[in-house]
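Chemist: Count the sequence shown with this note's numbering and you get residues 37 to 536, in order.
Note that the Cβ used here is the ideal one computed from N, Cα and C, for glycine as well.
This structure is in structure tokens; I'll ask about it shortly.
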Amino acid sequence: MTLSMNTPEFLVERNLDRCIKCQVCVGQCANEVHKYDKETDSLSCEDLACVGCHRCVTLCPTHALTIKKFPLEFRTNANWTPSTINAIYKQAESGGILLTGMGNDKPYPIYWDHLLLNASQVTNPSIDPLREPMEVKTYLGRKPDKLDFSDGELLTEIAPQVELELPIMFSAMSFGSISLNAVKSLAAAAKEVGTMFNTGEGGLHQDLYSYGDNAIVQVASGRFGVHSQYLEAGTAIEIKIGQGAKPGIGGHLPGEKVGREVSETRMIPEGSDALSPAPHHDIYSIEDLRQLIYSLKEATRYKKPVAVKIAAVHNVAAIASGIARAGADIITIDGFRGGTGATPLRTRDNVGIPIELALAAVDSRLRNESIRHQVSLVVAGSLRNSADVMKAIALGADAVYIASSALLALGCHMCQKCYTGKCNWGIATQDPNLVKRLNPEIGAQRAANLLRAWKHEIKEMLGGMGINAIESLRGNRLMLRGVGLSDRDLEILGVKAAGE
Ligand code: SF4
Ligand code: SF4
Ligand code: SF4
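So, in structure tokens, the structure goes:
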């Protein structure tokens, strides 16, 4: 056997004074870190297998466990960091692409944290959201060039709209990449709060057709689970061209995750790999995209808005302009910090651009071309809290998608090992024993609570600005100021520096 150079990432420590040998940790760790030896009546740990998911720590009844970063010092070297060295060891052993899960964790600037919101003081007094109505309802879809009335009656035909009780939706996460219980949790939460969940490219499980009014159904390059009933079921249809965590490449759900239900929902053989090609094989131009947009509109009798989702890449503004002109009703832009179930590490960490810059560039370009009203803009890619949502809307978004935040609400502990299929929290797994760990009713309550909490905070902050409708914040970059940003960054973001 060749010697492995891999060293543990985490150190698992058990306080023997506290441990009551209940073996909960043994049963709860799908990575088999904890072992119980009957003969010696003792527990041991295989540190190398620990992914730092905190399941055992959370469930240990006596709080006997601690997980620490494994204390292994390399000689200090600003160029050859431990993670760079360990990646080379791994590839020297496997000869394969390094995979990871969730979003880019590299220390690129987080522009949200360099933008500050405004507040009213004397002349434009704040509004108390507890006493006065605050409107955060949002409509996504093409808006008319102008409104015609006759005797007070609206004559203009309004294109189909997605109606949201708040400008936050659950982003595309497929059944297959996450468990059915996770999808059910998000679907039920979306219904309860009055927003949308997104099927991702995995089709719509039969149990979820009753949530169609709260579903955005996705059409991706693999066309998994796409049929007329599916298109009819959703409130809107989203064509997926790209994804922030892996711009320019396709997807791959390994055959071992394609059990009976995933296979039926995706309409592929059980146990077969679900490969989504990088390009749609019928789209090589904006004209081809236009054909697919109108095929989907035709197939649903022009009753559903059609969205196009792209990754935030260097020339995103020009791409978005083309998509708007191709007839899309909604453009979804996914920034480079967007999460995923599985992606090549190098692509995730080195391809794409921050959503903040992409959003500002797209909104400005569509305004300059006088076509901003023809599409709604939805942004995704690490919206971490209600303040990020407010800043996105002030930069020009109509609404945002959240995914990682939603999974954290369900119990995710950001271990980034979603691609292994051994999610100890029952989220990114198809293992029946692990899936059961997520109760969809509890999951729905937690996800709904998160949205309710953010909605309260949004109303609070809007009131503080003296604004009583989210519509008045949309694209209102005067409500933002930048701190610690270069002149060029401020120029692209279209915001003034703090103090100006
Ligand atoms: S769960 Fe806690 S108390 Fe139970 S065996 Fe593990 S460390 Fe000991
Ligand atoms: S992988 Fe998770 S459950 Fe297993 S030992 Fe590590 S922290 Fe505990
Ligand atoms: S979903 Fe599960 S596997 Fe993925 S990061 Fe969260 S806890 Fe880890």
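1. What separation, rounded to the nearest whole angstrom, lies between the Cα atoms of Ser221 and Gly417?
2. Just to check my reading of the structure: Ala66 and Lys458 have Cβ atoms closer than 8 angstroms, yes? What is that Cβ distance to the nearest angstrom?
3. Note the first and the last residue of the continuous beta strand (DSSP E) segment covering Asp243.
4. Given His263, which residues of its chain have a CB within under 8 angstroms of its CB, disregarding the five upstream and five downstream residues?
5. What do you reckon, is the C-beta of Ala100 under 7 angstroms from a heavy atom of ligand 1?
6. I'd like the span of the beta strand (DSSP E) that includes Lys104, first residue to last.
7. May I have all residues whose beta carbon comes closer than 6 angstroms to any heavy atom of ligand 3, sorted in chain order?
8. So does the region 49–61 actually touch the region 95–115, counting three or more Cβ pairs closer than 8 angstroms?
9. Using CA atoms only, rank isn't needed, just tell me which of Phe372, Leu413, Ala484 is closest to Tyr147.
10. From which residue to which residue does the beta strand (DSSP E) around Ala310 run?
11. My assumption, with CB atoms under 8 angstroms, is that Val48 sits in contact with Asp73. Please give the rounded CB distance.
12. Would Gly230 and Leu200 be called neighbours here (beta carbons separated by less than 8 angstroms)?
13. According to DSSP, simplified to helix, strand and coil, what is Ile369?
14. In the DSSP assignment, what residue or residues form a beta bridge with His70?
15. Between which residues of its own chain and Ala480 is the CB-CB distance below 6 angstroms, once the five residues before and five after are set aside?
16. Reducing DSSP to helix, strand and coil, say where Arg517 ends up.
17. Does Ile322 come out as helix, strand or coil in the three-state DSSP assignment?
18. Kindly indicate which three-state DSSP category Met426 falls into: helix, strand or coil?
19. Using the C-alpha atoms, what's the distance from Gln242 back to Asp525?
20. Put Thr159 into one of helix, strand or coil per three-state DSSP.
21. Report, in whole angstroms, the separation of the C-beta atoms of Gly137 and Gly377, which I expect to be a contact under 8 angstroms.
22. Extract the residue ranges of the alpha helix (DSSP H) inside the region 207–232, only unbroken runs of 4 or more that lie entirely within it.
23. Using the DSSP secondary-structure output, state which residues sit across from Asn469 in a beta bridge.
24. Apart from the five residues on each side of it in sequence, which residues of its chain come closer than 6 angstroms, Cβ to Cβ, to Asp424?
25. Expressed to the nearest angstrom, what Euclidean distance is found between the alpha-carbon atoms of Trp116 and Asn42?
26. Measuring alpha carbon to alpha carbon, tell me which of His492, Val398, Leu487, Ala439 ends up nearest Ala218.
27. From the DSSP output, which residues share a beta bridge with Pro380?
28. Could you give the first and the last residue of the continuous beta strand (DSSP E) run that contains Arg178?
29. Roughly how many angstroms separate the alpha carbons of Val531 and Asp370, rounded to a whole number?
Modeler: This is what the structure gives:
1. Going by the C-alpha atoms only, they are around 21 angstroms apart.
2. Rounded, the Cβ-Cβ distance is 4 angstroms, consistent with contact.
3. Per DSSP, Asp243 belongs to no beta strand (DSSP E) and is neither H nor E.
4. Only Met303 meet the Cβ criterion.
5. The answer is yes for Ala100.
6. Its beta strand (DSSP E) spans residues 101–105.
7. Going along the chain, the residues that qualify are Cys89, Gly137, Met138, Leu443, Cys448, His449, Met450, Cys451, Gln452, Lys453, Cys454, Cys459, Trp461, Ile463, Ala464.
8. Contact between the region 49–61 and the region 95–115 is present, because at least three Cβ pairs lie under 8 angstroms.
9. For Tyr147, the closest alpha carbon among the candidates Phe372, Leu413, Ala484 is that of Phe372.
10. Run containing Ala310: 310–312, per the beta strand (DSSP E) assignment.
11. The distance from the Cβ of Val48 to that of Asp73 is about 16 angstroms, inconsistent with a contact at the 8 angstroms cut-off.
12. Taking the C-beta atoms as reference points, Leu200 is found nearer than 8 angstroms to Gly230.
13. Residue state, collapsed to three classes: strand.
14. Per DSSP, Cys81.
15. Only Ser221, Ala224, Ala225 meet the Cβ criterion.
16. If DSSP states are grouped into helix, strand and coil, Arg517 belongs with the strands.
17. Residue state, collapsed to three classes: helix.
18. Of the three classes helix, strand and coil, the one that applies to Met426 here is helix, per DSSP.
19. Approximately 47 angstroms, taken between the alpha carbons.
20. Per DSSP, reduced to three states, the secondary structure at Thr159 is coil, with no helix or strand assignment.
21. Yes, they are in contact, since the Cβ atoms of Gly137 and Gly377 sit about 6 angstroms apart, within 8 angstroms.
22. Runs of alpha helix (DSSP H) with 4 or more residues, each lying fully within the region 207–232, are found at 216–229, listed in chain order.
23. When beta bridges are read from the DSSP output, Asn469 appears opposite no residue.
24. Only residues of its own chain outside the window of five on either side were considered, and among them Trp148 have a CB closer than 6 angstroms to the CB of Asp424, listed in chain order.
25. Distance between the alpha carbons of Trp116 and Asn42: 16 angstroms.
26. Nearest C-alpha to Ala218: Ala439.
27. DSSP links Pro380 through a beta bridge to Leu135.
28. Neither: Arg178 is in no beta strand (DSSP E) and is coded neither H nor E.
29. About 21 angstroms.
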